[in-house]
Amino acid sequence: MKKLAKRVLSKDQVAELVYQALEHERGGVLIYRMALKCVQNDELREEWQEYSDATATHVEKLEEVCVAMGLDPERETPGRKIVRHLGKSLVKAMQMALDEGSPAAAELVAADCVTLAETKDHMNWELLGRAAKQLTGDARLKLTKAAATIEDEEDEHLYHTTGWARELWFQSLGMRAVLPPPEETQHVTSAIGAARAKQAAGR
Ligand SMILES: [Fe+2]
Ligand SMILES: [Fe+2]
Numbered sequence: 007m008k009k010l011a012k013r014v015l016s017k018d019q020v021a022e023l024v025y026q027a028l029e030h031e032r033g034g035v036l037i038y039r040m041a042l043k044c045v046q047n048d049e050l051r052e053e054w055q056e057y058s059d060a061t062a063t064h065v066e067k068l069e070e071v072c073v074a075m076g077l078d079p080e081r082e083t084p085g086r087k088i089v090r091h092l093g094k095s096l097v098k099a100m101q102m103a104l105d106e107g108s109p110a111a112a113e114l115v116a117a118d119c120v121t122l123a124e125t126k127d128h129m130n131w132e133l134l135g136r137a138a139k140q141l142t143g144d145a146r147l148k149l150t151k152a153a154a155t156i157e158d159e160e161d162e163h164l165y166h167t168t169g170w171a172r173e174l175w176f177q178s179l180g181m182r183a184v185l186p187p188p189e190e191t192q193h194v195t196s197a198i199g200a201a202r203a204k205q206a207a208g209r
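When you line the sequence shown up against our numbering, it's residues 7 to 209, in that order.
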């Protein structure tokens, strides 16, 4: 009979995830700073300002998690370098759009860039929330507590921003746009909620 392989938590890879997530959040602060230069819609500006503040808090929380895990938050890893490069690339893309001189086009690029960044941010916290249960001591406590709050915030960041990006695109196409998007007005905080809100709005 085939034996099931025993799963052993890779502590090194959990550390790598924490480092990459921290780098991603730090990049997120810069992404929001640039996105706020591109945004045209006042409600979206307000929303992104709020997400920008939340992202700065996520950086602080992950730095605290690093310390609780005995990790140096500034330690460089090959994975971190790549995450940093991806974040800078999104910032550069928005700068390029701004330089082209069309505010509406730059806002669309920013919505796309924030959606891309929040997709990864959302997955990072899903992984961190699960990995926390495998840790022990103060590290487990800190990460579990952080993930409990931040996973909900990341749901909002992702689903609401995706809605904004989609509806701004419809508007640019000259088609019916629902602004603010249904995800926003219905305070969506889950994938199933987003699907329902879209369906109810005829999307
Ligand atoms: Fe975040
Ligand atoms: Fe986020």
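Beta carbons are placed, not taken as given, at the ideal position from N, Cα and C, and that holds for glycine. Keep in mind that this is a model prediction, so the values were computed, not measured.
Determine whether the Cβ of residue i lies closer than 8 Å to any Cβ atom of chain D.
{"i": "Ala62", "result": "Of the chains in the structure shown, none is chain D; there is only one protein chain."}
Pick from the options: whose alpha carbon is nearest that of residue i?
{"i": "Asp158", "options": "Gly135, Gly93, Arg32 and Gly208", "result": "Gly135"}
{"i": "Met75", "options": "Leu23, Pro109, Asp105 and Ala117", "result": "Leu23"}
{"i": "Pro79", "options": "Ser95, Ser196, Leu10 and Ala27", "result": "Ala27"}
{"i": "Lys94", "options": "Gly85, Leu36 and Arg146", "result": "Leu36"}
{"i": "Pro188", "options": "Ala207, Leu179, Val89 and Met181", "result": "Ala207"}
{"i": "Arg13", "options": "Gln140, Arg182 and Val120", "result": "Gln140"}
{"i": "Ala110", "options": "Arg209, Asn130, Lys43 and Lys87", "result": "Lys43"}
{"i": "Trp170", "options": "Glu132, Leu122, Asn130 and Thr155", "result": "Leu122"}
{"i": "Val71", "options": "Thr167, Glu132 and Ala153", "result": "Ala153"}
{"i": "Ala60", "options": "Leu15, Asp161, Val97 and Val184", "result": "Asp161"}
{"i": "Trp131", "options": "Thr155, Cys119, Asp144 and Gly143", "result": "Thr155"}
{"i": "Glu69", "options": "Ala183, Thr195 and Arg32", "result": "Arg32"}
{"i": "Met181", "options": "Ile198, Arg202, Arg209 and Thr191", "result": "Arg209"}
{"i": "Leu133", "options": "Glu56, Ala11, Ala203 and Leu15", "result": "Leu15"}
{"i": "Glu52", "options": "Ser196, Glu190, Thr195 and Lys87", "result": "Glu190"}
{"i": "Thr167", "options": "Leu114, Asp144 and Glu106", "result": "Leu114"}
{"i": "Gly2", "options": "Val73, Arg202 and Val184", "result": "Because the chain in this structure spans residues 7 to 209, residue 2 falls outside the shown range and cannot be described."}
{"i": "Val89", "options": "Met102, Gly34, Lys67 and Val45", "result": "Gly34"}
{"i": "Thr83", "options": "Gln46, Met102 and Asp18", "result": "Asp18"}
{"i": "Ser108", "options": "Ser58, Val45 and Arg81", "result": "Val45"}
{"i": "Lys67", "options": "Val184, Ala145 and Ala11", "result": "Ala145"}
{"i": "Met270", "options": "Ala203, Lys204, Leu10 and Ala197", "result": "In the structure as shown, the chain begins at 7 and stops at 209. Residue 270 is therefore absent and cannot be evaluated."}
Write down the C-beta distance between residue i and residue j rounded to the nearest angstrom, noting that I regard them as a contact closer than 8 Å.
{"i": "Val20", "j": "Ala137", "result": "5 Å"}
{"i": "Asp127", "j": "His193", "result": "Not confirmed; about 19 Å, so no contact."}
{"i": "Ala41", "j": "Trp54", "result": "6 Å"}
{"i": "Tyr165", "j": "Ala112", "result": "Actually they are not in contact, since the Cβ atoms of Tyr165 and Ala112 sit about 23 Å apart, beyond 8 Å."}
{"i": "Gly85", "j": "Tyr38", "result": "No, Gly85 and Tyr38 are not in contact; Cβ-Cβ is about 22 Å, not under 8 Å."}
{"i": "His91", "j": "Glu124", "result": "That pair is no contact at about 18 Å."}
{"i": "Met100", "j": "Ala117", "result": "About 10 Å separates the two Cβ atoms, so there is no contact after all."}
{"i": "Cys210", "j": "Leu96", "result": "Missing from the structure shown is residue 210; the chain here goes from 7 to 209 and no further."}
{"i": "Glu56", "j": "Pro186", "result": "Glu56 to Pro186, Cβ: 13 Å. No contact."}
> Okay, do the stretch 143-153 and the stretch 172-182 touch, 3+ Cβ pairs below 8 Å being the bar?
Replying inline: Contact between the stretch 143-153 and the stretch 172-182 is absent, because fewer than three Cβ pairs lie under 8 Å.
> Mind pulling the beta strand (DSSP E) runs of 3 or more residues that sit fully within the stretch 122-181?
Replying inline: You should have found no qualifying run.
>> Please give the ranges of any alpha helix (DSSP H) in the stretch 32-57, keeping only runs that are unbroken, at least 4 residues long and fully inside the region.
In response: Fully contained in the stretch 32-57 is no alpha helix (DSSP H) run of length 4 or more.
>> Just to confirm the assignment: which complete alpha helix (DSSP H) runs, minimum length 4, are found wholly within the stretch 62-132?
In response: Counting whole runs of 4 or more residues, the stretch 62-132 contains the alpha helix (DSSP H) stretches 84-106.
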